[in-house]
Amino acid sequence: MFALTVDSAKQFARDRFQKTAIVLAATSALAWLPNLAPVAAQSKPNLPKIPIVREELTPQELTVYERAEADLPEDYYILYRIVELMARVNDLDDLPWRVAISTVDEESGDCINAFASQANLIYFCKGMLDRLAGDVSAVACVVGHEMAHHQLQHIPTGVAAWDKGFEEIEKIEDEEDRQERIEAFIEQMEELSRTQELEADAMGYQYATAAGFEPEGCLRVMRVLSRLPGSLIERSHPTAPARIEAIQGLIEASSSATIEVTTIDRTDNLEPLTYSWLEEEKLLRVDSDRGGSFVEDWENRFGQNSEEGEDPVVETVSTSQ
Ligand SMILES: [Zn+2]
221 MFALTVDSAK
231 QFARDRFQKT
241 AIVLAATSAL
251 AWLPNLAPVA
261 AQSKPNLPKI
271 PIVREELTPQ
281 ELTVYERAEA
291 DLPEDYYILY
301 RIVELMARVN
311 DLDDLPWRVA
321 ISTVDEESGD
331 CINAFASQAN
341 LIYFCKGMLD
351 RLAGDVSAVA
361 CVVGHEMAHH
371 QLQHIPTGVA
381 AWDKGFEEIE
391 KIEDEEDRQE
401 RIEAFIEQME
411 ELSRTQELEA
421 DAMGYQYATA
431 AGFEPEGCLR
441 VMRVLSRLPG
451 SLIERSHPTA
461 PARIEAIQGL
471 IEASSSATIE
481 VTTIDRTDNL
491 EPLTYSWLEE
501 EKLLRVDSDR
511 GGSFVEDWEN
521 RFGQNSEEGE
531 DPVVETVSTS
541 Q
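Encoded structure:
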């Protein structure tokens with residue numbers, strides 16, 4: 221094991237806790253592999269799109285979903301539908317969500333991962349979507365996992381724990397003691413990270429199944445992850461078999477109804493959440509239940525401009541009769 225200095229351990233912490241990934245980043249393991257194009261991509265037949273003849277509707281007449289389907293690239297359209305449904309049904313629509321898809325991971329050329337990062341950003345590597353192609357329940361499970369990291373505040377919790385740990389370590393003067401403490405501390409933090417990953421798996425499962433996605437979608441994600449080089453190494457993430465076992469436990473529990481299934485009443489929350497494509501950042505924003513317009517929110521609260529500034533109409537009642 222290479223000698224851990226405070227700085228290298230800090231770098232590890234910064235890398236690990238600024239964003240939480242669904243799998244242990246396997247970049248190091250992949251670096252020596254020749255840049256193999258994914259088999260699936262090579263053999264995917266190029267089927268002609270069957271044009272759907274639709275009466276020409278004005279943008280206003282199109283539903284939000286129809287507009288999104290027309291506007292957005294397919295991957296972003298389906299992520300909009302999944303995030304929109306899961307946010308609305310699980311009451312996670314008080315804040316906007318942002319979705320980004322990266323194409324290539326510089327280091328390995330093919331990234332099979334997803335991250336929760338910044339505030340409410342869900343970041344997909346193209347490689348992950350490719351491995352789950354055609355399976356919205358599996359993608360919904362990954363979305364739920366990352367939403368759970370945000371909801372459970374795993375990133376700030378991790379960063380705060382690292383900060384506190386380093387403060388203590390930096391006070392240790394004896395070099396050998398400090399070395400020992402750093403190694404013990406990293407193990408401790410990896411355990412925290414594994415706990416967070418299992419929490420995110422469980423809550424992500426709840427979010428996805430409450431929104432109507434297949435429970436087995438989560439098993440299919442784990443099966444993909446179980447084929448990655450690092451999946452049997454327990455470090456910042458539990459091993460894939462341990463995660464599969466945990467999800468199987470959730471499926472059995474919910475099917476034998478030993479745990480209360482969160483059947484959220486969807487009837488009162490049917491209004492679709494709108495979306496915005498942020499060209500500059502190349503990412504999609506799924507708006508909160510307030511919509512994405514400051515002006516509209518202002519007018520909802522304070523009325524439209526025309527009403528503003530005018531003295532309120534005071535009705536005068538004549539008492540002369
Ligand atoms: Zn995660």
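Everything in the sequence shown is counted per my numbering, starting at 221 for the first residue and increasing by one. C-beta atoms are modelled at their ideal positions from N, C-alpha and C, and glycine is treated no differently. Since this is a predicted model, take the numbers as computed values, not measurements.
Can you grab the Cα-Cα spacing for the pair residue i / residue j, in whole Å?
i	j	result
K384	E286	49 Å
R440	S475	18 Å
F433	S357	5 Å
I375	S337	8 Å
I302	F514	25 Å
G511	E400	52 Å
S413	L352	25 Å
A431	E289	20 Å
M306	E407	34 Å
A339	L372	12 Å
E396	F405	14 Å
R463	N520	46 Å
G424	L445	16 Å
M442	I453	14 Å
V481	Y343	For V481, the pLDDT reaches just 47, beneath the cut-off of 50, and the residue's location in the model is therefore unreliable, although a value from the coordinates is still provided. Those two C-alpha atoms are separated by around 28 Å.
A320	E436	25 Å
E410	E419	14 Å
A368	S526	43 Å
W518	K346	38 Å
G378	E294	34 Å
E501	D394	47 Å
A466	E472	10 Å
Where does residue i fall in DSSP's three states?
i	result
R505	strand
I302	helix
I332	coil
I402	helix
A381	helix
R463	helix
L341	strand
L498	strand
G469	helix
A320	strand
G424	helix
G511	strand
T283	coil
A431	coil
P447	It is worth fixing the name first, because residue 447 is Arg in this sequence and not Pro. Residue state, collapsed to three classes: coil.
S476	coil
N310	coil
S526	helix
G364	helix
P293	coil
At a cut-off of 6 Å, is residue i close to ligand 1 when judged by its beta-carbon and the heavy atoms of the ligand?
i	result
E411	no
A420	yes
E454	no
E417	yes
Buried or exposed, going by whether 16 or more other CB atoms sit within 10 Å of the CB of residue i?
i	result
Q416	buried
T494	buried
I366	The question names Ile, yet the displayed sequence has Glu at residue 366. Buried.
L498	exposed
F335	buried
S449	Note that residue 449 is Pro in the sequence shown, not Ser. The residue in question, P449, is exposed, as its Cβ has fewer than 16 Cβ neighbours within 10 Å.
L349	buried
P458	buried
L299	buried
G523	exposed
L490	exposed
R314	Here residue 314 is Asp; the residue named in the question, Arg, does not match the sequence. By the neighbour-count rule (16 or more Cβ atoms within 10 Å), D314 is not buried but exposed.
A380	exposed
E304	buried
G354	exposed
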